[in-house]
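Enquirer:
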Amino acid sequence: MNHDTVSRSDTLEEANETPPQAEAPEPAAADDNLVTLAADGESPRLSVLLVEDEELIAEIIGEALADYGYAVHCVADAQEALACFAAGERVDVLFTDINLPGDMDGIGLAEQVRSADPALPVVFASGRWAALEGLASLPHSQILRKPYSAQRACDAVEALVASRGAAFSDDTEDNEKPASRVLAG
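Just so we're aligned, residue 1027 is where the sequence shown starts under our numbering, counting upward by one.
1. Can the beta-carbon of Phe-1167 be found less than 8 Å from the beta-carbon of Asn-1125?
2. Go through the region 1128 to 1175 residue by residue and report every complete run of the beta strand (DSSP E) that reaches 3 residues or more, in order.
3. Give a yes or no on whether the C-beta atoms belonging to Ser-1073 and Val-1139 are separated by under 8 Å.
4. For Gly-1088, which residues of its own chain have a beta-carbon under 7 Å away from its beta-carbon, when the five flanking residues on both sides are left out?
5. Thinking C-beta only, is Leu-1091 closer than 8 Å to Val-1183?
6. Please say whether Asp-1123 and Gly-1132 have beta carbons closer to each other than 8 Å?
7. Cβ-heavy atom distance between Ala-1112 and the ligand ADP below 7 Å?
8. Skipping 5 residues on each side, what residues in its chain have a beta carbon closer than 6 Å to that of Glu-1078?
9. Using the Cα positions of Gly-1191 and Arg-1171, report the straight-line distance between them to the nearest angstrom.
10. In the DSSP assignment, find the alpha helix (DSSP H) that holds Leu-1082 and state where it starts and stops.
This is the structure:
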(Lines of atoms letter the chains of each structure in order from A and count residues from 1; the text may use other names and numbers.)
(Lines give C-alpha, C1' and ligand atoms only; values in the text may rest on other atoms or scores of the structure.)
Protein backbone atom coordinates (compact mmCIF):
# COMPACT_ATOMS: atom_id res chain seq x y z
CA MET A 1 0.00 0.00 0.00
CA ASN A 2 1.43 3.40 -0.95
CA HIS A 3 1.24 6.17 1.65
CA ASP A 4 2.39 9.75 1.96
CA THR A 5 3.74 10.64 5.38
CA VAL A 6 3.16 14.21 6.39
CA SER A 7 3.79 16.18 9.54
CA ARG A 8 0.92 16.80 11.94
CA SER A 9 0.61 20.46 10.94
CA ASP A 10 0.23 19.68 7.22
CA THR A 11 -3.24 19.61 5.71
CA LEU A 12 -4.65 17.05 3.32
CA GLU A 13 -4.17 19.55 0.49
CA GLU A 14 -0.48 19.94 1.36
CA ALA A 15 -0.09 16.16 1.46
CA ASN A 16 -1.31 16.09 -2.13
CA GLU A 17 1.32 18.70 -3.06
CA THR A 18 -0.99 21.71 -3.29
CA PRO A 19 1.12 24.85 -2.71
CA PRO A 20 0.60 26.32 0.78
CA GLN A 21 -1.36 29.55 1.14
CA ALA A 22 0.45 32.64 2.44
CA GLU A 23 -1.28 32.41 5.83
CA ALA A 24 -0.79 28.63 6.14
CA PRO A 25 1.40 27.49 9.05
CA GLU A 26 4.88 26.28 8.22
CA PRO A 27 5.17 22.52 7.89
CA ALA A 28 6.59 20.82 10.96
CA ALA A 29 10.15 19.52 10.90
CA ALA A 30 10.68 16.01 9.56
CA ASP A 31 11.25 14.59 13.04
CA ASP A 32 7.99 15.97 14.48
CA ASN A 33 4.87 13.90 15.18
CA LEU A 34 3.65 12.07 12.12
CA VAL A 35 0.22 11.44 10.69
CA THR A 36 -0.04 9.06 7.77
CA LEU A 37 -2.71 9.56 5.14
CA ALA A 38 -3.72 7.15 2.41
CA ALA A 39 -2.07 8.16 -0.86
CA ASP A 40 -5.42 8.40 -2.64
CA GLY A 41 -6.58 11.10 -0.18
CA GLU A 42 -9.23 8.84 1.39
CA SER A 43 -9.57 8.69 5.16
CA PRO A 44 -7.42 5.93 6.62
CA ARG A 45 -9.19 2.88 8.00
CA LEU A 46 -8.53 3.61 11.68
CA SER A 47 -6.34 5.89 13.80
CA VAL A 48 -3.58 4.68 16.14
CA LEU A 49 -2.02 6.96 18.75
CA LEU A 50 1.51 5.62 19.25
CA VAL A 51 3.12 6.73 22.51
CA GLU A 52 6.80 5.80 22.43
CA ASP A 53 9.78 7.84 23.62
CA GLU A 54 12.38 5.83 21.68
CA GLU A 55 12.49 7.52 18.26
CA LEU A 56 13.70 4.51 16.30
CA ILE A 57 11.00 2.24 17.72
CA ALA A 58 8.33 4.89 17.07
CA GLU A 59 9.51 5.30 13.49
CA ILE A 60 9.63 1.57 12.73
CA ILE A 61 6.30 0.75 14.35
CA GLY A 62 4.62 3.86 12.96
CA GLU A 63 5.70 2.99 9.41
CA ALA A 64 4.60 -0.63 9.80
CA LEU A 65 1.15 0.41 11.05
CA ALA A 66 0.87 2.94 8.21
CA ASP A 67 1.66 0.16 5.75
CA TYR A 68 -1.33 -1.68 7.23
CA GLY A 69 -3.49 1.34 6.38
CA TYR A 70 -3.73 3.01 9.78
CA ALA A 71 -3.39 6.73 10.40
CA VAL A 72 -0.57 6.93 12.94
CA HIS A 73 0.08 9.85 15.27
CA CYS A 74 3.32 9.52 17.24
CA VAL A 75 4.01 11.26 20.54
CA ALA A 76 6.81 10.76 23.05
CA ASP A 77 5.06 10.95 26.42
CA ALA A 78 1.75 10.70 28.24
CA GLN A 79 1.20 14.47 28.45
CA GLU A 80 1.42 14.79 24.66
CA ALA A 81 -0.99 11.88 24.32
CA LEU A 82 -3.46 13.46 26.73
CA ALA A 83 -3.27 16.68 24.71
CA CYS A 84 -4.36 14.71 21.62
CA PHE A 85 -7.38 13.35 23.47
CA ALA A 86 -8.20 16.77 24.95
CA ALA A 87 -8.08 18.29 21.45
CA GLY A 88 -10.66 15.73 20.31
CA GLU A 89 -8.33 13.96 17.90
CA ARG A 90 -9.63 10.67 16.60
CA VAL A 91 -8.02 7.74 18.42
CA ASP A 92 -9.29 4.26 17.66
CA VAL A 93 -6.39 2.37 19.26
CA LEU A 94 -3.88 3.51 21.88
CA PHE A 95 -0.45 1.86 21.48
CA THR A 96 1.74 2.82 24.44
CA ASP A 97 5.07 1.97 25.94
CA ILE A 98 4.76 1.55 29.69
CA ASN A 99 7.99 3.31 30.65
CA LEU A 100 7.57 6.90 29.52
CA PRO A 101 9.36 10.09 30.53
CA GLY A 102 7.51 12.47 32.82
CA ASP A 103 5.11 12.01 35.70
CA MET A 104 2.77 9.52 34.02
CA ASP A 105 3.59 6.09 32.60
CA GLY A 106 1.67 4.19 29.93
CA ILE A 107 -0.48 2.40 32.51
CA GLY A 108 -1.59 5.70 34.05
CA LEU A 109 -2.23 7.09 30.59
CA ALA A 110 -4.45 4.14 29.66
CA GLU A 111 -6.33 4.38 32.96
CA GLN A 112 -7.02 8.08 32.45
CA VAL A 113 -8.24 7.83 28.86
CA ARG A 114 -10.28 4.74 29.66
CA SER A 115 -12.12 6.69 32.35
CA ALA A 116 -13.81 8.45 29.40
CA ASP A 117 -13.81 5.48 26.98
CA PRO A 118 -13.63 2.17 28.89
CA ALA A 119 -13.63 0.10 25.71
CA LEU A 120 -10.72 1.92 24.06
CA PRO A 121 -8.37 -0.76 22.70
CA VAL A 122 -4.85 -0.49 24.14
CA VAL A 123 -1.59 -2.17 23.19
CA PHE A 124 0.88 -2.10 26.11
CA ALA A 125 4.57 -2.57 25.29
CA SER A 126 7.51 -2.82 27.65
CA GLY A 127 10.92 -4.32 28.21
CA ARG A 128 9.99 -4.70 31.87
CA TRP A 129 8.15 -7.96 31.63
CA ALA A 130 7.04 -7.95 35.27
CA ALA A 131 5.11 -4.72 34.64
CA LEU A 132 3.18 -6.45 31.87
CA GLU A 133 2.03 -9.43 33.96
CA GLY A 134 -0.64 -7.46 35.81
CA LEU A 135 -2.05 -6.09 32.53
CA ALA A 136 -2.71 -9.44 30.87
CA SER A 137 -6.24 -9.66 32.27
CA LEU A 138 -7.37 -6.16 31.20
CA PRO A 139 -10.17 -6.21 28.62
CA HIS A 140 -9.58 -4.71 25.16
CA SER A 141 -5.81 -4.98 25.59
CA GLN A 142 -2.83 -6.63 23.98
CA ILE A 143 0.57 -7.05 25.62
CA LEU A 144 3.90 -6.85 23.77
CA ARG A 145 7.18 -7.74 25.42
CA LYS A 146 10.22 -5.89 24.08
CA PRO A 147 11.95 -6.64 21.93
CA TYR A 148 9.11 -7.27 19.48
CA SER A 149 8.90 -7.19 15.71
CA ALA A 150 6.95 -4.69 13.66
CA GLN A 151 4.82 -7.61 12.49
CA ARG A 152 3.92 -8.54 16.08
CA ALA A 153 2.97 -4.91 16.74
CA CYS A 154 0.68 -4.88 13.69
CA ASP A 155 -0.78 -8.25 14.68
CA ALA A 156 -1.60 -6.89 18.16
CA VAL A 157 -3.46 -3.89 16.70
CA GLU A 158 -5.24 -6.11 14.17
CA ALA A 159 -6.34 -8.47 16.97
CA LEU A 160 -7.85 -5.58 18.92
CA VAL A 161 -9.61 -4.25 15.85
CA ALA A 162 -11.00 -7.71 15.06
CA SER A 163 -12.23 -8.12 18.64
CA ARG A 164 -14.10 -4.81 18.46
CA GLY A 165 -15.86 -5.94 15.27
CA ALA A 166 -18.94 -3.82 14.70
CA ALA A 167 -17.56 -0.90 16.70
CA PHE A 168 -15.11 -0.34 13.86
CA SER A 169 -17.54 -1.08 11.04
CA ASP A 170 -16.76 0.57 7.72
CA ASP A 171 -20.50 1.08 7.25
CA THR A 172 -20.56 4.32 9.26
CA GLU A 173 -20.81 7.57 7.31
CA ASP A 174 -17.39 8.87 6.29
CA ASN A 175 -15.80 6.05 8.31
CA GLU A 176 -15.91 8.25 11.42
CA LYS A 177 -15.86 7.17 15.03
CA PRO A 178 -16.53 9.77 17.72
CA ALA A 179 -13.30 11.20 19.09
CA SER A 180 -12.23 9.90 22.47
CA ARG A 181 -12.35 12.37 25.33
CA VAL A 182 -10.54 12.66 28.62
CA LEU A 183 -12.59 13.65 31.62
CA ALA A 184 -11.19 16.59 33.56
CA GLY A 185 -10.21 15.97 37.06
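Glycine included, C-beta positions come from ideal geometry on N, C-alpha and C.
Expert: The relevant details are as follows:
1. The question names Phe, but residue 1167 is Ser in the sequence shown. No.
2. Correct list: 1148 to 1152 and 1167 to 1171.
3. no
4. Leu-1060, Leu-1076, Val-1098 and Cys-1100
5. yes
6. yes
7. No copy of the ligand ADP appears in this structure; indeed no ligand is present at all.
8. Ala-1084 and Asp-1123
9. 25 Å
10. 1081 to 1093
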